[in-house]
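Novice: Pasting in a structure now, in structure tokens, and then I'll have a few things to ask.
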Amino acid sequence: MMDQPTVFSDEFDLDSRWLVDPKLLFVGPKIGEGAHAKVYEGKYKNQNVAIKVFHKGETPEEIAKRGSRFAREVSMLTRVQHKNLVKFIGACKEPVMVVVTELLLGGSLRKYLLSLRPRPLDIRVAVGFALDIAQAMECLHSHGIIHRDLKPENLLLTADQKTVKLVDFGLAREETLTEMMTAETGTYRWMAPELYSTVTLRHGEKKHYNHKVDAYSFAIVLWELLHNRTPFEGMSNLQAAYAAAFKNVRPSADNLPKEMAILLTSCWQEDPNSRPNFGQIVKMLQEFLYTISPPIPAVPLRMFSTDNAVMPPESPGTSSLMAARDDLAETPETKLASKSRGFFFCFSRCCR
């Protein structure tokens with residue numbers, strides 16, 4: 001059977017709860033652009049938002065493909081909510097296809113890492129970010145959704161640069177045990193070996209694989225976080241995918257804490273069934289964070305109430321474990337958050 005995403009047509013109707021009024025959308029500066037859409041900073045009902053405007057396409061085939069991508073992304077976003085997934089606000093089909101989400105001003109994880117090179121991240125920060133990512137993926141997989149394009153460009157930071165959120169569900173799809181799914185889906189450098197195609201399997205043809213493709217991609221992202229270097233250095237994206245798929249090449253896990261080396265090598269196992277699920281990954285990351293930053297013992301509180309009841313101390317949580325993030329350098333994106341947004345033009349101008 002074919003990998004058939006949600007079909008976009010006139011019959012694809014947005015739930016009224018998620019339908020945004022384009023007349024209330026105001027578009028500001030462009031903050032990102034990909035092959036399928038442009039992303040703008042904007043406002044909706046006086047709320048700062050990110051406005052993703054999908055390209056219309058030139059041919060009927062392009063129009064249908066981009067419509068399907070839009071429908072798939074909206075469908076996924078309406079189904080899942082989590083603190084480490086970008087918050088969905090709404091969408092509209094006319095006058096163009098638009099997805100509106102919360103505005104994340106910390107920039108992409110890729111830009112953040114590049115801004116620090118060659119300096120590595122503090123280990124607590126790196127593992128804290130990895131925990132954010134793993135929790136987002138655990139949520140997706142619990143809803144039967146495979147992301148299929150986990151990479152630093154699709155991970156955005158909040159304005160304080162303390163939290164990572166997963167974005168871009170254009171390639172996500174529901175997992176199935178019976179259907180064949182599209183090969184070579186994602187970005188080569190982070191692509192699981194079982195996704196790679198050779199001349200014997202033309203691009204766009206179908207293969208059997210499961211949600212463990214995301215565990216492999218996570219391992220490559222985790223390696224980047226721990227080293228702040230490009231994985232498979234010296235190789236092109238295509239060379240990296242070929243080496244991983246047919247020569248079982250992986251980045252080095254040497255000179256890492258034992259727990260992180262074990263996690264990496266288990267996540268990028270050649271056999272997908274040998275890779276851990278994200279529930280296990282989350283647990284391993286939490287346990288490692290505890291060993292390097294155990295919670296500060298709670299100081300007994302003075303009791304003021306007549307019944308001598310004392311509220312338990314608030315859990316420090318990941319935010320306190322990540323205290324090292326507070327002294328990170330301010331970035332242009334965070335500076336932008338404190339400045340005036342400037343002139344916003346009506347959404348209709350963006351559609352011309």
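Using the numbering used here, count along the sequence shown one by one with no gaps and you end on 352.
Ideal placement from N, C-alpha and C gives every residue a C-beta, glycine not left out.
In this text the structure is predicted, and so the values were computed from the model without any measurement.
1. Please name the residue in T158, K283, H227 whose C-alpha comes closest to that of L116.
2. Mapping DSSP to helix, strand and coil, what is R17?
3. Leaving out five residues on either side along the sequence, give the residues of the same chain with a beta carbon under 6 angstroms from the beta carbon of Y196.
4. Which of helix, strand or coil does DSSP assign to K247?
5. Would you mind stating whether A243 and A253 have Cβ atoms separated by less than 8 angstroms?
6. With H, G and I counted as helix, E and B as strand and the rest as coil, what does DSSP make of Y40?
7. What would DSSP say about Q280, mapped onto helix, strand or coil?
8. What's the C-alpha gap between E356 and R79?
9. Only counting the same chain, and skipping five residues up and downstream in sequence, which positions put a Cβ closer than 7 angstroms to that of L113?
10. Would you say V167 and V86 are within 8 angstroms of each other, going by their C-beta atoms?
11. Roughly how many angstroms lie between the CA atoms of P297 and L105, to the nearest whole one?
12. Which residue's Cα is closest to the Cα of S274: N210, V39, I63?
13. Is the region 54-63 touching the region 20-30, taking contact as three or more C-beta pairs under 8 angstroms?
14. Using only alpha-carbon positions, find the residue among R72, V20, K111 that is nearest to L157.
15. Checking 8 angstroms against the spacing of the C-beta atoms, do D132 and N84 come in under that value?
16. Shortest alpha-carbon distance to I146 belongs to which of N277, R189, E233?
17. What is the residue span of the alpha helix (DSSP H) that E102 lies within?
18. Quick check on the burial criterion: 16 or more other C-beta atoms within 10 angstroms. Buried or exposed for N308?
19. Got a sec? Which residues, its chain only, sit under 7 angstroms from L24 by beta carbon, not counting five neighbours each side?
20. Keeping to the same chain, check which residues put their C-beta closer than 6 angstroms to that of I281; ignore five residues upstream and five downstream.
21. Counting only the same chain and skipping the five closest in sequence on each side, list residues whose C-beta sits under 6 angstroms from that of V74.
22. Report the rounded CA-to-CA distance for R72 versus L256, giving the unit in angstroms.
23. Please classify H141 as buried or exposed, where buried requires at least 16 other C-beta atoms within 10 Å of its C-beta.
24. Is it right to say V310 is buried, meaning 16 or more other beta carbons lie within 10 angstroms of its own, or is it exposed?
25. Give the DSSP bridge partners of L156, in chain order.
26. Provide the residue span of the beta strand (DSSP E) that contains G90, from first to last.
27. Pick out whichever of G67, A50, L263 has its Cα sitting closest to the Cα of F88.
28. I'd like the list of long-range same chain contacts for N48, defined as Cβ closer than 6 angstroms, with 5 residues on each side in sequence excluded.
29. Closer than 7 angstroms: is that where the CB of D132 sits relative to any heavy atom of the ligand SAM?
30. What would DSSP say about H203, mapped onto helix, strand or coil?
31. Measuring straight from C-alpha to C-alpha, what distance separates T230 and D122?
Specialist: Reading off the structure:
1. H227
2. helix
3. These residues qualify, in order along the chain: A241, A245.
4. Of the three classes helix, strand and coil, the one that applies to K247 here is coil, per DSSP.
5. Taking 8 angstroms as the Cβ cut-off, A243 and A253 do not qualify as a contacting pair.
6. strand
7. Assigned with DSSP and collapsed to three states, Q280 falls in helix.
8. The requested residue 356 does not occur in the structure, where the chain is confined to residues 1 to 352.
9. P152, E224, N228
10. yes
11. 34 angstroms
12. The residue from N210, V39, I63 with its alpha-carbon nearest to that of S274 is N210.
13. no
14. K111
15. In this structure, N84 lies closer than 8 angstroms to D132 by Cβ.
16. N277
17. Looking at the DSSP string, E102 is not in any alpha helix (DSSP H); the run it does join, the beta strand (DSSP E), is 98-102.
18. Any reading at N308 needs caution, since the residue's pLDDT is 41, under 50, leaving its predicted position unreliable; the model's value is listed next. Answer is exposed; the Cβ neighbour count stays below 16.
19. Y44, K45
20. A134
21. A91
22. 39 angstroms
23. buried
24. Its pLDDT being 43, under 50, V310 is placed unreliably in this model, and the coordinates cannot settle the point.
25. S108, K165
26. Run containing G90: 88-92, per the beta strand (DSSP E) assignment.
27. A50
28. Close CB contacts of N48 within its chain, under the 6 angstroms cut and outside five residues either way in sequence, are with L103 (chain order).
29. This structure simply doesn't include the ligand SAM, nor any ligand for that matter.
30. Caution is warranted here: a pLDDT of 48 is assigned to H203, below 50, making its placement in the model unreliable, and the coordinate value is therefore given only provisionally. Correct three-state label for H203: coil.
31. 17 angstroms
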